[in-house]
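Protein sequences appear in the order of chains A and B.
Under the working numbering, the first residue of the first sequence carries the number 1, and numbering increases by one thereafter.
Under the working numbering, the first residue of the second sequence carries the number 1, and numbering increases by one thereafter.
For each residue, glycine too, the CB sits at the ideal point set by N, CA and C.
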Amino acid sequence: MWSYFANPHKFLRLSDWLAPLFYALGAACIAYGLWQGLWVVPKDEVQGGDIMRVMFLHVPAAWLAMASYSALAVASFIWFIWRHELADIAAKAIAPLGAIWTALCLATGSIWGKPTWGTWWQWDDARMMSVLFLFFLFLGYMALRAAMDTRQKAARAGAILAMVGALNVPLIKFSVDLFTSLHQDASVITADGPKMAAVYLTPLMISALGHSLLFGGLVMTRMRTEIRERRIARLHAAALEGA
Amino acid sequence: MSAAPIFAAFRQSLGEAWAGGAGALLPLGFLGGAAVLVPLGIGSDGETLKAVGPGIIWVALALASLVTLERIFQSDAEDGALDIWLQSGAPVSAIAAAKTLAHWLAAGLPLALFSPLLALMFQAEASPALLVNAALYALGSLAFFFWGGVGAALSATVRRGGLLISLIALPLFVPTAIFGALAMTDGPGSGGAPLFLAASTLFACAVAPYAMAAALRLAAD
């Protein structure tokens with residue numbers, strides 16, 4: 001099944017129309033989510049009044065922080081087992097974007113935390129810490145790739161690190177349960193279904209979908225750029241050989 | 001396949017770690033130096049030192065593992081020993097684990113055994129609990145060395161790999177640091193913390209050798 005998707009030509013043809021579609025749908029969803037979140041939904045005094053509207057950025061960013069690292073690990077795994085170049089191109093494209101959304105999650109969380117909890121940062125909150133370490137995992141991944149002298153080595157080293165990191169993420173996450181936490185309990189994904197009122201939940205979900213689509217579109221664009229860069233490098237090499 | 005290359009790797013690494021004439025004194029000097037800076041940096045108030053003491057020792061152990069591991073695979077990659085390990089027929093993961101264990105014996109374990117003395121300097125009460133803590137330090141530092149070994153193997157061919165090892169390994173140190181700190185305080189969830197610490201160390205010992213082996217094959221290419 002992977003082999004079908006592993007063809008760069010098919011990917012270029014597919015992403016040629018899929019990436020713009022993702023951008024358009026993503027922009028529409030984000031715009032709707034922001035409009036609902038900033039102007040329409042009633043404010044929640046328990047969560048700090050108007051500042052809770054940052055949720056419509058914070059929660060999608062948190063979702064993407066986790067989803068993008070999972071995607072990085074899956075792409076690395078596929079590359080490591082089947083050596084499909086496209087999987088490595090995807091992993092390389094995902095890392096900086098994942099780091100940006102993770103940073104966005106941390107920043108919006110701090111902005112929300114200051115007026116509601118009275119602090120920018122709480123060290124004994126394991127959920128904040130696990131997102132912070134996710135951020136460090138992304139940074140380490142990018143630094144390791146950049147330090148390798150060939151593309152093949154960068155791909156292999158990156159894949160090993162991403163898989164080791166992915167194995168550690170559940171362990172890091174597990175420590176959450178051992179702490180008393182300032183952070184509100186999970187309210188979207190729980191065993192009894194969402195605990196949040198639909199008036200908040202629907203725009204939140206649409207906003208998360210919009211961010212995911214934007215992320216997907218950006219990954220595709222970065223992958224297209226990488227494919228073309230590699231092609232240019234090959235053409236240069238061929239020209240040098242001919243000269 | 002024979003086990004001889006594994007023992008050879010262990011002896012070579014132990015010899016390397018003890019070389020320089022000072023043996024275990026060198027890492028102890030490092031720990032002492034790092035620990036002495038703390039009261040100078042944060043002030044000599046007894047209550048404060050008592051509160052931060054156990055944590056400072058964890059940090060010093062983590063740093064010690066990073067400092068000692070920087071060259072563990074790099075020198076092998078440079079002088080060709082790595083190629084010989086890879087051709088020896090013994091499992092590369094076992095060789096990597098043996099080398100890491102040797103470095104832990106030379107640098108991690110002495111620090112853990114030395115920790116009660118440092119704890120006393122940080123105003124802890126003299127009690128058998130300090131010896132229990134020493135065992136926890138020994139247990140946790142083993143995980144530090146194994147995850148640090150993954151970073152060292154991945155950056156074996158990178159110049160100035162030391163900084164890279166820190167960036168790679170620090171997120172992997174997190175569970176150990178959290179469980180270790182919990183095991184020494186009476187905070188929530190501290191009841192099972194020593195067991196979780198042991199579990200995370202076992203996890204490191206089970207996973208890290210394979211990651212190191214994959215990274216060493218890459219370094220030899």
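What does the Cβ neighbour count give for residue i, buried or exposed, with the cut at 16 atoms within 10 Å?
| i | result |
| --- | --- |
| A/Val131 | buried |
| A/Thr180 | Its pLDDT being 46, under 50, A/Thr180 is placed unreliably by the model, and the measurement read from it follows with that caveat. Label assigned to A/Thr180: exposed. |
| B/Arg159 | exposed |
| B/Pro188 | For B/Pro188, the pLDDT reaches just 47, beneath the cut-off of 50, and the residue's location in the model is therefore unreliable, leaving the point undetermined. |
| A/Phe11 | buried |
| B/Gln87 | exposed |
| A/Lys92 | buried |
| A/Leu69 | In the sequence as presented, Leu is not what sits at residue 69 of chain A; that position holds Tyr. Per the 10 Å Cβ criterion, buried. |
| B/Ser127 | exposed |
| A/Tyr4 | exposed |
| B/Glu70 | buried |
| A/Ala95 | buried |
| A/Thr119 | exposed |
Going by alpha carbons, who is nearest to residue i out of the options?
| i | options | result |
| --- | --- | --- |
| A/Leu161 | A/Met220, A/Phe174, A/Leu139 | A/Leu139 |
| B/Leu172 | B/Leu164, B/Phe144, B/His103 | B/Phe144 |
| B/Trp85 | B/Ala169, B/Ser13, B/Ala206, B/Ala193 | B/Ser13 |
| A/Leu14 | A/Leu240, A/Glu229, A/Gly216 | A/Gly216 |
| A/Val169 | A/Ala61, A/Met142, A/Phe133, A/Ala197 | A/Phe133 |
| A/Arg230 | A/Thr150, A/Gly26, A/Ile78 | A/Thr150 |
| B/Ala211 | A/Ala208, A/Val164, A/Val219 | A/Val164 |
| B/Val132 | B/Gly161, B/Gly162, B/Pro194 | B/Pro194 |
| B/Phe30 | B/Ala60, B/Gly192, B/Leu136 | B/Ala60 |
| B/Ala134 | B/Pro116, B/Trp147, B/Ala153 | B/Pro116 |
| B/Ala163 | A/Ile172, A/Ile94, A/Ala143 | The sequence shown places Leu at residue 163 of chain B, not Ala. Answer by Cα proximity: A/Ala143. |
| A/Leu64 | A/Leu167, A/Ala6, A/Arg224, A/Leu218 | A/Leu218 |
| B/Ala165 | A/Ala155, A/Leu167, A/Tyr141 | Sequence inspection shows Ile at residue 165 of chain B; the Ala mentioned does not correspond to that position. Measuring from the Cα of B/Ile165, the nearest candidate turns out to be A/Tyr141. |
| B/Phe146 | B/Ala34, B/Gly43, B/Ser93 | B/Ser93 |
| B/Ala34 | B/Thr48, B/Lys50, B/Trp58, B/Asp76 | B/Trp58 |
| A/Leu244 | B/Pro175, B/Leu170, B/Thr100, B/Ala183 | Because chain A is modelled from 1 through 243, residue 244 of chain A falls outside the range shown and cannot be assessed. |
| A/Ala107 | A/Trp121, A/Gly98, A/Thr116, A/Gln36 | A/Trp121 |
| B/Leu66 | B/Ala77, B/Gly41, B/Pro27 | B/Pro27 |
Measure the beta-carbon distance from residue i to residue j and round it to whole angstroms, keeping in mind my assumption that it falls under 8 angstroms.
| i | j | result |
| --- | --- | --- |
| B/Phe73 | B/Leu63 | Not really, about 19 angstroms apart at Cβ, beyond 8 angstroms. |
| A/Leu204 | A/Phe22 | In fact, because the Cβ distance is near 20 angstroms, the residues do not count as touching under 8 angstroms. |
| B/Gly149 | B/Ala208 | 6 angstroms |
| B/Ala214 | B/His103 | Going by Cβ atoms, the distance from B/Ala214 to B/His103 rounds to 20 angstroms, so no, they are not a contact pair. |
| A/Ile30 | A/Ser207 | 6 angstroms |
| B/Ala112 | B/Ala129 | In fact, because the Cβ distance is near 15 angstroms, the residues do not count as touching under 8 angstroms. |
Give the secondary structure of residue i by DSSP, where H, G and I count as helix, E and B as strand, and everything else as coil.
| i | result |
| --- | --- |
| A/Asp44 | strand |
| B/Gly161 | helix |
| A/Gly49 | strand |
| B/Arg71 | coil |
| B/Pro188 | Low per-residue confidence applies at B/Pro188: pLDDT is 47, beneath 50, and the placement is therefore not dependable, though the value from the model is reported in the following sentence. Three-state DSSP puts B/Pro188 in coil, outside helix and strand. |
| B/Ser44 | coil |
| B/Asp221 | coil |
| A/Glu85 | helix |
| A/Met129 | helix |
| A/His183 | Bear in mind that the predicted position of A/His183 carries a pLDDT of just 48, short of 50, making it too unreliable to give a figure here. |
| B/Ala143 | helix |
| A/Trp121 | coil |
| B/Gln222 | Outside the shown range of chain B (1 to 221) lies residue 222 of chain B, about which nothing can therefore be said. |
| B/Ala135 | helix |
| B/Thr201 | helix |
| A/Thr150 | coil |
| B/Gly180 | helix |
| B/Gly258 | Missing from the structure shown is residue 258 of chain B; chain B here goes from 1 to 221 and no further. |
| B/Ser2 | coil |
| B/Pro128 | coil |
| B/Gly80 | coil |
Taking 7 angstroms as the cut-off, is the beta-carbon of residue i closer than that to any non-hydrogen atom of the ligand FAD?
| i | result |
| --- | --- |
| B/Asp45 | Among the ligands in the structure shown, none appear at all, so the ligand FAD cannot be discussed. |
Quick one, which residues of the segment 133-159 of chain B are near chain A if we go by CB-CB under 9 angstroms, in chain order? Cβ contacts with chain A: Trp147, Val150, Gly151, Ala153, Leu154, Ser155, Thr157, Val158, Arg159.
So if I threshold CB-CB distances at 7 angstroms, which residues from the segment 151-163 of chain A count as touching chain B? Result list: Lys153, Arg156, Ala157, Ile160, Leu161.
Short of 7 angstroms Cβ to Cβ, which residues in the segment 46-60 of chain A face chain B? Against chain B - using a Cβ distance shorter than 7 angstroms - the segment 46-60 of chain A contributes no residues.
Near-chain B residues of the segment 82-106 of chain A (beta-carbon distance less than 7 angstroms), N- to C-terminal order: Near chain B, meaning a CB-to-CB distance below 7 angstroms, no residue of the segment 82-106 of chain A qualifies.
According to a CB-to-CB cut-off of less than 7 angstroms, which residues of the segment 193-215 of chain A neighbour chain B? Correct list: empty, as no residue qualifies.
Output needed in chain order: residues of the segment 160-171 of chain B with a Cβ under 7 angstroms from some Cβ in chain A. Within the segment 160-171 of chain B, the residues whose Cβ lies closer than 7 angstroms to some Cβ of chain A are Leu164, Leu167, Ile168, Leu170, Pro171, listed in chain order.
Cβ-based contacts, 8 angstroms cut-off: residues of the segment 72-88 of chain B near chain A: Per Cβ criterion, the list is empty.
Cβ-based contacts, 7 angstroms cut-off: residues of the segment 119-147 of chain A near chain B: Taking 7 angstroms as the Cβ-Cβ cut-off against chain B, the residues of the segment 119-147 of chain A that qualify are Phe133, Phe136, Leu137, Leu139, Gly140, Ala143, Leu144, Ala147.
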